[in-house]
Amino acid sequence: MKHHFNPKVIQLLEEFIRNLQDRLQRIADAYWQLSPEKRYRIRLASFAFGILVLGFVAGRLTTVHRVIKTEQQDKEIVVEKSGMISLSMPGIALNPQIYQFEKASFQNVPQEIKVPGRLVFNAEKGKILSARVPGRVERIFTFEGAAIDIGSPIIELYSPEFNSAQQEFLLTYQTVKILKESNSLTNLLADARITQEAAFNRLRNLGYADSDIKALEKSGKSSPNLLMRSPLKGVVVRRNVEPGAVVNGGDPLMFLADPKALWFSGNVFEQDARRIELGQRIRIYLEAYPDREIVAKVNYVSPTVDAQSRGILIRADIENTDGNLRPDMYANGKLQIGSMQAIVVPQTAIVRDKETIYAFIRTSPENYRRIMVKGFDFDGKRFAITEGVEPNTE
Numbered sequence: 096m097k098h099h100f101n102p103k104v105i106q107l108l109e110e111f112i113r114n115l116q117d118r119l120q121r122i123a124d125a126y127w128q129l130s131p132e133k134r135y136r137i138r139l140a141s142f143a144f145g146i147l148v149l150g151f152v153a154g155r156l157t158t159v160h161r162v163i164k165t166e167q168q169d170k171e172i173v174v175e176k177s178g179m180i181s182l183s184m185p186g187i188a189l190n191p192q193i194y195q196f197e198k199a200s201f202q203n204v205p206q207e208i209k210v211p212g213r214l215v216f217n218a219e220k221g222k223i224l225s226a227r228v229p230g231r232v233e234r235i236f237t238f239e240g241a242a243i244d245i246g247s248p249i250i251e252l253y254s255p256e257f258n259s260a261q262q263e264f265l266l267t268y269q270t271v272k273i274l275k276e277s278n279s280l281t282n283l284l285a286d287a288r289i290t291q292e293a294a295f296n297r298l299r300n301l302g303y304a305d306s307d308i309k310a311l312e313k314s315g316k317s318s319p320n321l322l323m324r325s326p327l328k329g330v331v332v333r334r335n336v337e338p339g340a341v342v343n344g345g346d347p348l349m350f351l352a353d354p355k356a357l358w359f360s361g362n363v364f365e366q367d368a369r370r371i372e373l374g375q376r377i378r379i380y381l382e383a384y385p386d387r388e389i390v391a392k393v394n395y396v397s398p399t400v401d402a403q404s405r406g407i408l409i410r411a412d413i414e415n416t417d418g419n420l421r422p423d424m425y426a427n428g429k430l431q432i433g434s435m436q437a438i439v440v441p442q443t444a445i446v447r448d449k450e451t452i453y454a455f456i457r458t459s460p461e462n463y464r465r466i467m468v469k470g471f472d473f474d475g476k477r478f479a480i481t482e483g484v485e486p487n488t489e
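Just so you know, we're using our numbering here: the sequence shown kicks off at 96 and counts up by one.
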């Protein structure tokens, strides 16, 4: 069979070969124009590069087996595909002060589920400081995060309505004072005292403290500025107004809370909904204090499932007596939902390889075996084995 080639292709190939020959000739001419010493260096570099390439190719195509000679010993290690390791050490005794083996036995351990969450202020013991009368914010005496005591000044509010309430109280106060000096007007005195008490209660409802009312009685001068004080000892959590803001009656101005009364707020997964109840014991651990364990009881279980997290909100009271805990700290809870039988061992007896957990058992005085086990961490120092070890195993 005859093959016919395109003449244009043949022409291009011939031209490529001529160009290649011309370039090779130029390289050869340039090479021979060099000094003998430089030509020697080029030949040496080319030879070394060739040896390097040859070694690389041989290394890729050849499998090298390393043989390590060791003295013949009686110790034997057998590694199975499942990850189990059998170790035989005849004539070698382990230090009993370091390695201790005991017969495994079942113990009653709490069955728990993990509950991620965080610490928050106890809203039941917090207070919302709101405007009792319309007015304008004149001064703010504190800021978010500031510590406050009962009676500490918080906000000064300018309010003409509050000024009218003071004038009304002063009028009733003076009336009662005059009638008390006149013994003949006893019937009017009783009515005046009722009116004075009503004016007194109105000032208290507007946020005026008893000490401020007594000072008003002594001075006899009213002022349009209402000084709002803290009703509790705690911290300012949130401030909703700035100086100069105009507010209406009922507008929230600040949220105050007691930092020593906190909640653990956690989310239980939807599949565990049937396991949670009020009063269950929960152990709480904080990332900031990993060695600290807080024990509490669930006092609230949400009747609904959160649409975004698909979790069920639970809460537990936390007493922050030392003041080291802070709201919004991340926390992990372990909610006790029952109890179960498990073999409890120290954490030091467990070997972890990524997600696989192993334990060593003694099959005879000089033979040991590493086996795969399943279980969970228990109280931070021990591990509860639920599968892999039978009772009476050492």
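Yeah, the Cβ is synthetic: ideal placement off N, Cα and C, and Gly gets one too.
(message) Any contact between the region 332-345 and the region 394-408? By contact I mean 3 or more CB pairs, one from each, below 8 angstroms.
(response) Touching, no, given that fewer than three Cβ pairs across the two stretches are closer than 8 angstroms.
(message) So if DSSP puts residue 471 in a beta bridge, which residue, or which two residues, is it bridged to?
(response) 479
(message) Quick check on the DSSP output: what are the complete beta strand (DSSP E) runs of length 3 or more inside the region 227-259, in order along the chain?
(response) Complete beta strand (DSSP E) runs here, min 3: 230-235, 248-253.
(request) Taking residue 322 as the reference, give the member of 211, 335, 234 with the closest Cα. (result) The shortest CA-to-CA distance from residue 322 to any of 211, 335, 234 is the one to 234.
(request) Could you tell me which residues DSSP puts in a beta bridge with residue 435? (result) 204
(request) Decide if residue 451 is buried, meaning its Cβ has at least 16 other Cβ atoms within 10 Å, or exposed. (result) exposed
(request) Decide if the region 373-393 is in contact with the region 259-266; the criterion is three or more beta carbon pairs, one per stretch, under 8 angstroms apart. (result) no
(request) Check the C-beta distance from residue 230 over to residue 259 and give it rounded, since I have them as a contact under 8 angstroms. (result) Between residue 259 and residue 230 the Cβ distance is about 12 angstroms, and since that is not below 8 angstroms, they are no contact.
(message) Can you tell me whether residue 311 is helix, strand or coil according to DSSP?
(response) Residue state, collapsed to three classes: helix.
(message) I'd like to check one pair, residue 226 with residue 252: are the Cβ atoms closer than 8 angstroms?
(response) Contact flag set, yes.
(message) Here's the rule: buried if 16 or more other CB atoms are within 10 angstroms of the residue's CB, otherwise exposed. What is residue 162?
(response) Low per-residue confidence applies at residue 162: pLDDT is 34, beneath 50, and the placement is therefore not dependable enough to give any value.
(request) Take residue 333 and list the residues in its own chain whose beta-carbon comes closer than 7 angstroms to its own, dropping the five residues that flank it on each side. (result) 239, 349, 350
(message) Considering Cα atoms alone, identify which of 393, 128, 481, 248 is closest to residue 328.
(response) 248
(message) Does residue 425 pass the burial test, meaning 16 or more other C-beta atoms within 10 Å, or should it be called exposed?
(response) exposed
(message) For a quick check, are the C-beta atoms of residue 406 and residue 372 less than 8 angstroms apart?
(response) no
(request) Using alpha carbons as the reference points, say which of 291, 358, 416 lies closest to residue 270. (result) 291
(request) Hey, could you find the ends of the beta strand (DSSP E) residue 67 is sitting in? (result) For the chain, the structure presents residues 96 to 489; residue 67 sits outside this window and is missing.
(message) Comparing C-alpha positions only, which one of 467, 438, 209, 316 sits nearest to residue 449?
(response) Relative to residue 449, the option among 467, 438, 209, 316 whose CA is nearest is 467.
(request) Tell me, please, which residues DSSP counts as bridged to residue 441. (result) 477
(request) Could you tell me the distance, in whole angstroms, from the CA atom of residue 304 to the CA atom of residue 315? (result) Answer to the nearest angstrom: the Cα atoms are 16 angstroms apart.
(message) Please report the straight-line C-alpha distance between residue 310 and residue 368, rounded to a whole angstrom.
(response) Distance between the alpha carbons of residue 310 and residue 368: 58 angstroms.
(request) Given a cut-off of 8 angstroms, decide if residue 208 and residue 370 are closer than it, judged by their beta-carbon atoms. (result) yes
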